[in-house]
Each structure stands twice: as C-alpha cells, then as structure tokens.
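Engineer:
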Amino acid sequence: MTTLTIVIGGLLIGIVYACIALGFSVSMWACRVTNFAHGHFVLIGAYVAYTMLGLGLPIYSALPFAGLITGILGMVVYRFLVQPFAPSDAGLQIALTLGVAILLENLLALVFGPDPISAGSAWSAATTVVLGEVRLSVSRLIAGGAGIVIIWGTWWLFERNRWGMAIEAAGENVAGAELTGYAGRRVLMLGFGLSTLLAGLAGVLLLPVANVSPYDAVDYTLRSFVVVLVAGQGNLRAILLTGLLVGLLQSGGAYLASTDMATVACYVLLLVALWVRRVRSGVTALGVSER
Amino acid sequence: MADPATVAAPASTVDAGPVLLDAHIASARYGKGYAALHDVHLQVSEHEVVAVVGANGAGKSTLMRALMGMVSYSGRIMLGGAAIDGLGTAERTQRGLVLIPEDKGLFPSLSVDKHLYLSSSVGRPGSWSVARVRELFPVLSARRHSAAGTLSGGEQQMVAIARALLLNPTVLLLDEPSLGLAPAVCDKLFDALKEVCRSGLAIVLNEQNPAHVLSLADRVLVLQQGRLVFEQQASQIADLAALARLYLE
Chain A
1 MTTLTIVIGG
11 LLIGIVYACI
21 ALGFSVSMWA
31 CRVTNFAHGH
41 FVLIGAYVAY
51 TMLGLGLPIY
61 SALPFAGLIT
71 GILGMVVYRF
81 LVQPFAPSDA
91 GLQIALTLGV
101 AILLENLLAL
111 VFGPDPISAG
121 SAWSAATTVV
131 LGEVRLSVSR
141 LIAGGAGIVI
151 IWGTWWLFER
161 NRWGMAIEAA
171 GENVAGAELT
181 GYAGRRVLML
191 GFGLSTLLAG
201 LAGVLLLPVA
211 NVSPYDAVDY
221 TLRSFVVVLV
231 AGQGNLRAIL
241 LTGLLVGLLQ
251 SGGAYLASTD
261 MATVACYVLL
271 LVALWVRRVR
281 SGVTALGVSE
291 R
Chain B
292 MADPATVAAP
302 ASTVDAGPVL
312 LDAHIASARY
322 GKGYAALHDV
332 HLQVSEHEVV
342 AVVGANGAGK
352 STLMRALMGM
362 VSYSGRIMLG
372 GAAIDGLGTA
382 ERTQRGLVLI
392 PEDKGLFPSL
402 SVDKHLYLSS
412 SVGRPGSWSV
422 ARVRELFPVL
432 SARRHSAAGT
442 LSGGEQQMVA
452 IARALLLNPT
462 VLLLDEPSLG
472 LAPAVCDKLF
482 DALKEVCRSG
492 LAIVLNEQNP
502 AHVLSLADRV
512 LVLQQGRLVF
522 EQQASQIADL
532 AALARLYLE
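Residue numbers (the working numbering), protein chains in the order written: chain A, 1 to 291; chain B, 292 to 540.
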C-alpha cells in the first residue's frame, strides 16, 4: 500500500468522522446539549443500513430512513428527557444521555447481536479503483463524497436558511427567539433532531468503511468530542479540517503501528490542542499578545 | 409619588381610532410569588403612543411581560378584537404584539443581517421592509456582517428595534429603550422612534426619562406598586417637572 493511498483513504474516512462530529457540534453549540449518546445514534444509522443490505436494497436507500429514524428518536429524547429534566445543566445532560446510551447499546446488542458487522461483499460498490499508484475502494470514495454533500448542506442550513438560523438563535436566547416569533423550545427540539439525524446519516456512510459493533458507540462519541474540542464549537470549516486530521491519524497510525495506537494518537492530538489553547489564552491574558 | 386617592379619571384615547390592544390584568405573578400587578387596565388605539411610567419595581416591565404571556396572569388580553390569552409568546408575536425587552433579546453571535432575515422571514406583511429599516438606521448596513454581541449598546438597540419593526407589529411594546445608553445616543434613538411614531404605529412605551416620554407619548399612565394610579393625556401635563413628580416624588 502506497503512502498516497493511505493519505487519501485517511482523508476520506476523515470526512465521515467530520460528519459524525458535525452532528455532535450542532447538539453542543446550537442546542447547548452535551449528548453522550451521539455515537449510539451513529450506530443506529449503521444498523439501519445493515438491515437494508440484508433486505437486498442498495445502501444509499438507507440514508433517508436512517436520517428519519434517528432524527425522530432524537426529538423524542429531547422532548421527554432533556427538556423536562436537564434543559441547561451540562452535568445532568451527560448523566441523562449516558443512560440513553446504555439503553440503546443493549437494545442494539439484543436485536443485532454483540459481534461486529460490516457491509462486506454485500455492497455492490465494494470494488477498488486504481489511479496510478493509488488504490481506493469505491465505498470510501462514495462515503467521502456523500459526507462533503452533508457538510455543505449543514453549512447552507445555518448560513442561508431561517430554520438553521432559528436553531442557533434559540440556543443562544430562547426568550429572544420567542420574541422574534419562533417557538424557542420547539426549535431547539428540531435542532437536537437535526444533530441526531446527522449522526444517523454518518452511520450509513460509516458502515461501508468500517466494522461496527454496539460497543463501538462510546468511541465515536469521544472522537466527536475530540474533534469539536480541537476545532471549536460551531466552526464548520475547522470541524472538517480536524475530522480530516483525525482520519489521517487513524489511517496512518493503524498502518504504521496498530488501531489502538491510532486511537491513542487522537487523544494526544486533543491534549496538544488544549495545551496550545491554554498557552495562547494565558499569553493573551497577560497582555503579551493581543493576536 | 402620586397619591392613589388623587387619581384622575381615565383619559379618553387620542383620536378615538379603533382600539387595537385592550388588556385587563387582574393580577400577574412570578411563579408562586407575590402579585406584581393588581387590576391594571390598558387600552391602546390605532396610531396612539401610550407611555407607562413609574419608579423602579412599580411593575412596568411585568406589565409588558404579562402582555406577552411571559409571566402568569389572570385577566383578559384582546388584540385587534381577538382574545390572545391562550397563546404563547411566539404566537402573540406572530399575531402582531411585539416586545423589545429591556435586555434587547438579541443573539450575540448572530450577525445583524441574520437578525433582520430571521425577523423578516416570519413577519406579517406590512410597510416595514429591510430596506426601510436600513434607511431608518444606516448603521445596520455598515455593520451588516458584525455579530450582535460586538456592537455598541446603541447599535444593539437599533438592531432590536429594526428586528421588531420587520415583524410589522400591530402594537409595539418598548421596554426601557434608553436603558444604559449615553445621552447623545439616546437622543438619536428617540429621533428615530419619532419617525416610527409618524408612521402611525401604536406603541406602548416604558421609559424613565420624562423628556423622552413627553417627546413621544400621547397618553401617560403611572404605575405604583403594581397598580395604575394616574392616567392623563400628555398634552395636559404641564411640563417635565410635573411629569417627574408623578412618579419620582
């Protein structure tokens, strides 16, 4: 395998990671909810795609179903758990969504079994494209392309569409949103549904490029956390770049050492980013640099 | 402070146009706490500017919040002849009862343009457009891409007023628009508000500064400890000192 193949493959997986982190960011930044079940919504998307494949349907047909199911489930979680019990307390939100995570994890294991699943050869597009020295699986190319469309769509929603703007507005000031004519709490529920919808779509894209099991969800949540903390909340461009970097680390680390070492590299990236940010804010606070 | 025993009879509305807002708040309270308003009756007619004045804690902001359904109240509120008591704040806003709150209610990280777009896309059809509010407040064009949180207090108030106007309200509620602003900025703001009044919009103004009150209001109400204790046509109030005496002494 050439270095270029590893880099391009890593970047394509990175786009999928960026999609996963994007949903997490929408939840944290726009709705002010820390959702520790985010990775489980990703897996629901992956398992919906797996079910579609089992029924002999193309994997792309899973995108609207997975989005719909995870979006509605997210809104139900927000309306009946987050909003009444932990609308603004991050600690309570983490405890509450961890409970949801445990429930979903066991449900997935009960229904689909604990063993890892993959799209495998069942996916008709699981072939390889050779461009000179670069060999790439079509599954990764399609996942990367679809990921770019999802990221662009999310950017459009928050920059050009009133409902995206309303979600961001309600997250900042619910009363202000109400006084602008938007039912703030309902808008926030839509925003949370959007974040879980994005997770479900990312899950569909993940299945062709990775093996997944019900017990991987926490890892995806934590990796999203890493991307959002490194990139900063709501900064879509930085989220995409950080997702790509995480993909590269994951892909390169797995090739050079092992999958475990690649995961460790992600958390080292987080520590370095937090350290750099702390040093920079400390320097600014001392008035040495105004940036 | 005005003595409740000397309360004048309610003044008739200015040009006796149709009543747009007719509210009778028997009581309003925060949670299960004390009642902040008692038996307040407020009528606002077409083209009329009604000022509500009173000392701090008199219940002026509570009255505004009760009208918007942001605090629980007992009573009846009619807007354009229809009861709006069962409606939430967003629905009241969509029906044309629009409040600019004391804290302006802006979204700090959203740009000026996004504020205007959010409002114009949900607003009722009417004479106020983005172009018209930009003409009223030219700074909105200059700062169109700036986040609201980075604007000065005066600019933020202009965004808040522009956003409210784009909803094309039937009745506009203004809660302490001059709060925290420098006198020169305040004067500019009230010049713009005079333009808004000339457009014929019905306004309920909660304001502490007597000069600003008399520059805009057709009718003045004085609240004292949650009760309406005085009501007078602004033209019948002799001067600023007389008005200030009504609620500051």
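Beta carbons: idealized from backbone N, C-alpha and C, even for Gly.
Predicted model, so just to flag it, every value in this text is computed and none were measured.
Any idea what DSSP makes of Glu133 (chain A), helix, strand or coil?
Structural biologist: Counting from 1 along the first sequence, the entry for residue 133 (chain A) is found at position 133. Here Glu133 (chain A) sits in coil by DSSP.
Engineer: Cα-Cα, which of B:Thr441, B:Leu456 and B:Val504 is closest to Cys477 (chain B)?
Structural biologist: Against the second sequence, residue 477 (chain B) aligns to sequence position 186. Comparing Cα positions, the closest option is B:Val504.
Engineer: Strictly below 7 Å CB to CB, what residues from chain A border Gly396 (chain B)?
Structural biologist: The residue given as residue 396 (chain B) occupies position 105 in the second sequence. Residues of chain A passing the Cβ test: Asn173, Ala175, Gly176 and Leu179.
Engineer: Hey, Leu136 (chain A) and Gly9 (chain A) are a contact pair by Cβ (cut 8 Å); roughly how many whole angstroms apart?
Structural biologist: What you label residue 136 (chain A) is simply residue 136 of the first sequence in a count that begins at 1. What you label residue 9 (chain A) is simply residue 9 of the first sequence in a count that begins at 1. Sure, about 6 Å apart at Cβ, within 8 Å.
Engineer: Please list, in chain order, the residues of the stretch 188 to 213 of chain A that have any C-beta partner in chain B closer than 9 Å.
Structural biologist: Listed in sequence order: no entries.
Engineer: Please name the residues in the stretch 147 to 173 of chain A whose beta-carbon is closer than 7 Å to at least one beta-carbon of chain B, in chain order.
Structural biologist: Hits within the stretch, in order: Arg162, Met165, Ala166, Glu168, Ala169, Glu172 and Asn173.
Engineer: Could you spell out the range, first to last residue, of the beta strand (DSSP E) harbouring Arg79 (chain A)?
Structural biologist: Mapped onto the first sequence, residue 79 (chain A) falls at position 79. Unbroken run through Arg79 (chain A): none, as it is neither H nor E.
Engineer: Using a Cβ cut-off of 9 Å, pull out every chain A residue sitting near Leu401 (chain B), in sequence order please.
Structural biologist: For this step, residue 401 (chain B) is matched to residue 110 along the second sequence. Per Cβ cutoff of 9 Å: Met165, Glu168, Ala169 and Glu172.
Engineer: For Thr380 (chain B), decide whether its Cβ has a neighbour in chain A, counting only Cβ atoms nearer than 9 Å.
Structural biologist: Residue 380 (chain B) sits at position 89 when you count from the first residue of the second sequence. Judged by the 9 Å Cβ criterion, Thr380 (chain B) is in contact with chain A.
Engineer: Quick one: grab the DSSP three-state call for Gln448 (chain B).
Structural biologist: Sequence index remark: in the second sequence, residue 448 (chain B) carries index 157 (1-based). In the structure shown, Gln448 (chain B) sits in a helix (DSSP, three-state: H, G or I).
Engineer: Given this structure, state the Cα-to-Cα distance separating Asp89 (chain A) from Thr180 (chain A), to the nearest angstrom.
Structural biologist: Along the first sequence, one-based indexing puts residue 89 (chain A) at 89. Along the first sequence, one-based indexing puts residue 180 (chain A) at 180. Distance between the alpha carbons of Asp89 (chain A) and Thr180 (chain A) is about 25 Å.
Engineer: Hey, is the stretch 3 to 17 of chain A in contact with the stretch 194 to 212 of chain A, meaning 3+ C-beta pairs nearer than 8 Å?
Structural biologist: A contact exists between the stretch 3 to 17 of chain A and the stretch 194 to 212 of chain A.
Engineer: Using a Cβ cut-off of 9 Å (strictly closer), state whether Ala238 (chain A) contacts chain C.
Structural biologist: Protein chains A and B are contained in the structure displayed, whereas chain C is not.
Engineer: Give a yes or no on whether 9 Å exceeds the smallest Cβ distance from Ala183 (chain A) to chain B.
Structural biologist: Within the first sequence, numbered from 1, the residue matching residue 183 (chain A) stands at position 183. Interface residue, yes.
Engineer: List, in order along the chain, the chain A residues whose C-beta lies closer than 7 Å to that of Pro392 (chain B)?
Structural biologist: As a first step, residue 392 (chain B) must be located in the second sequence, where it is residue number 101. Near Pro392 (chain B) (Cβ distances below 7 Å), the residues of chain A are Leu179.
Engineer: Report the rounded CA-to-CA distance for Asp313 (chain B) versus Val520 (chain B), giving the unit in angstroms.
Structural biologist: For the purposes of this step, residue 313 (chain B) is taken as residue 22 along the second sequence, with counting starting at 1. For the purposes of this step, residue 520 (chain B) is taken as residue 229 along the second sequence, with counting starting at 1. Each residue's Cα considered, the two are about 18 Å apart.
Engineer: Applying a beta-carbon distance threshold of less than 9 Å, which residues of chain A neighbour Arg518 (chain B)?
Structural biologist: Your numbering for residue 518 (chain B) matches position 227 in the second sequence. The premise fails here: Arg518 (chain B) is roughly 26 Å from chain A at the closest Cβ pair, so nothing lies under 9 Å.
Engineer: Considering Gly147 (chain A), what are the terminal residues of the alpha helix (DSSP H) in which it resides?
Structural biologist: What you label residue 147 (chain A) is simply residue 147 of the first sequence in a count that begins at 1. Counting along the chain, the alpha helix (DSSP H) containing Gly147 (chain A) begins and ends at Val138 to Arg160.
Engineer: Give the DSSP-derived three-state secondary structure of Arg435 (chain B) in the structure shown.
Structural biologist: What you label residue 435 (chain B) is simply residue 144 of the second sequence in a count that begins at 1. Arg435 (chain B) falls in the coil class under three-state DSSP.
Engineer: Please decide whether Gly445 (chain B) counts as near chain A, where near means a Cβ-Cβ distance under 9 Å.
Structural biologist: Residue mapping note: residue 445 (chain B) aligns to position 154 of the second sequence, counting from 1. Not closer than 9 Å to any Cβ of chain A, the Cβ of Gly445 (chain B) fails to qualify, so no.
Engineer: Contact check, Ala62 (chain A) vs Val48 (chain A) under 8 Å by CB: the rounded distance?
Structural biologist: For the purposes of this step, residue 62 (chain A) is taken as residue 62 along the first sequence, with counting starting at 1. For the purposes of this step, residue 48 (chain A) is taken as residue 48 along the first sequence, with counting starting at 1. About 5 Å; that satisfies the 8 Å criterion.
Engineer: Can you pull the DSSP bridge partners for Ser420 (chain B)?
Structural biologist: As a working mapping, residue 420 (chain B) is identified with position 129 in the second sequence. DSSP output for Ser420 (chain B) lists no bridge partner at all.
Engineer: Along the stretch 353 to 378 of chain B, where does the CB come closer than 8 Å to a CB of chain A? Name the residues.
Structural biologist: Answer set for the stretch 353 to 378 of chain B: Met359 and Met361.
Engineer: Taking a cut of 8 Å between CB atoms, which residues from the stretch 407 to 424 of chain B lie near chain A?
Structural biologist: Answer set for the stretch 407 to 424 of chain B: Tyr408, Leu409, Ser410, Ser412, Val413 and Gly414.
Engineer: Does any C-beta atom of chain A lie closer than 9 Å to the C-beta of Val389 (chain B)?
Structural biologist: Stepping through the second sequence from its first residue, residue 389 (chain B) is reached at position 98. Yes, Val389 (chain B) lies at the interface with chain A (some Cβ there is under 9 Å from its Cβ).
Engineer: Kindly list the residues whose CB is nearer than 7 Å to the CB of Glu168 (chain A), restricted to its own chain and excluding five residues on each side of it in sequence; keep chain order.
Structural biologist: Position 168 of the first sequence, counted from the first residue, corresponds to residue 168 (chain A). Taken in chain order, the residues that qualify are Ala30 and Phe158.
Engineer: Kindly say whether Gln448 (chain B), judged by its beta-carbon, lies nearer than 9 Å to any beta-carbon of chain A.
Structural biologist: To locate residue 448 (chain B), count along the second sequence from 1; it is residue 157. So no, Gln448 (chain B) is outside the interface.
Engineer: On the CB-based measure, 16 or more other CB atoms within 10 Å of its CB, does Lys323 (chain B) come out buried or exposed?
Structural biologist: On the second sequence, residue 323 (chain B) is found 32 positions in, with the first residue counted as 1. Its Cβ having fewer than 16 others within 10 Å, Lys323 (chain B) is exposed.
Engineer: Under the DSSP definition of a beta bridge, which residues are partnered with Glu467 (chain B)?
Structural biologist: Residue mapping note: residue 467 (chain B) aligns to position 176 of the second sequence, counting from 1. Paired residues: none, contrary to the question.
Engineer: Could you check which residue in B:Leu514, B:Gly366, B:Val403 and B:Met361 has the C-alpha nearest to that of Val389 (chain B)?
Structural biologist: Stepping through the second sequence from its first residue, residue 389 (chain B) is reached at position 98. It is B:Met361 whose Cα lies nearest to the Cα of Val389 (chain B).
Engineer: Could you please give the first and the last residue of the uninterrupted alpha helix (DSSP H) stretch that includes His329 (chain B)?
Structural biologist: Here residue 329 (chain B) is taken as the residue at index 38 of the second sequence, counted from 1. It is not in any alpha helix (DSSP H) - His329 (chain B) instead sits in the beta strand (DSSP E) that spans Ala326 to Ser336.
Engineer: Is Leu472 (chain B) near Leu427 (chain B), with beta carbons less than 9 Å apart?
Structural biologist: Counting from one through the second sequence, the residue named residue 472 (chain B) turns up at place 181. Counting from one through the second sequence, the residue named residue 427 (chain B) turns up at place 136. Not closer than 9 Å, so no.
Engineer: Using the C-alpha atoms, what's the distance from Thr242 (chain A) back to Ser251 (chain A)?
Structural biologist: Position 251 of the first sequence holds residue 251 (chain A). Position 242 of the first sequence holds residue 242 (chain A). For Ser251 (chain A) and Thr242 (chain A), the distance between alpha carbons rounds to 14 Å.
Engineer: When the Cβ atoms of the stretch 482 to 490 of chain B are set against those of the stretch 511 to 526 of chain B, are three or more pairs found closer than 8 Å?
Structural biologist: Output reads no: the stretch 511 to 526 of chain B does not touch the stretch 482 to 490 of chain B.
Engineer: Considering Met369 (chain B), what are the terminal residues of the beta strand (DSSP E) in which it resides?
Structural biologist: Counted from its first residue, the second sequence places residue 369 (chain B) at position 78. Note, Met369 (chain B): beta strand (DSSP E), Ser363 to Leu370.
Engineer: Quick one: what does DSSP say Asn497 (chain B) is sitting in, helix, strand or coil?
Structural biologist: Translated into the one-based positions of the second sequence, residue 497 (chain B) becomes position 206. Note: Asn497 (chain B) maps to strand in three-state DSSP.
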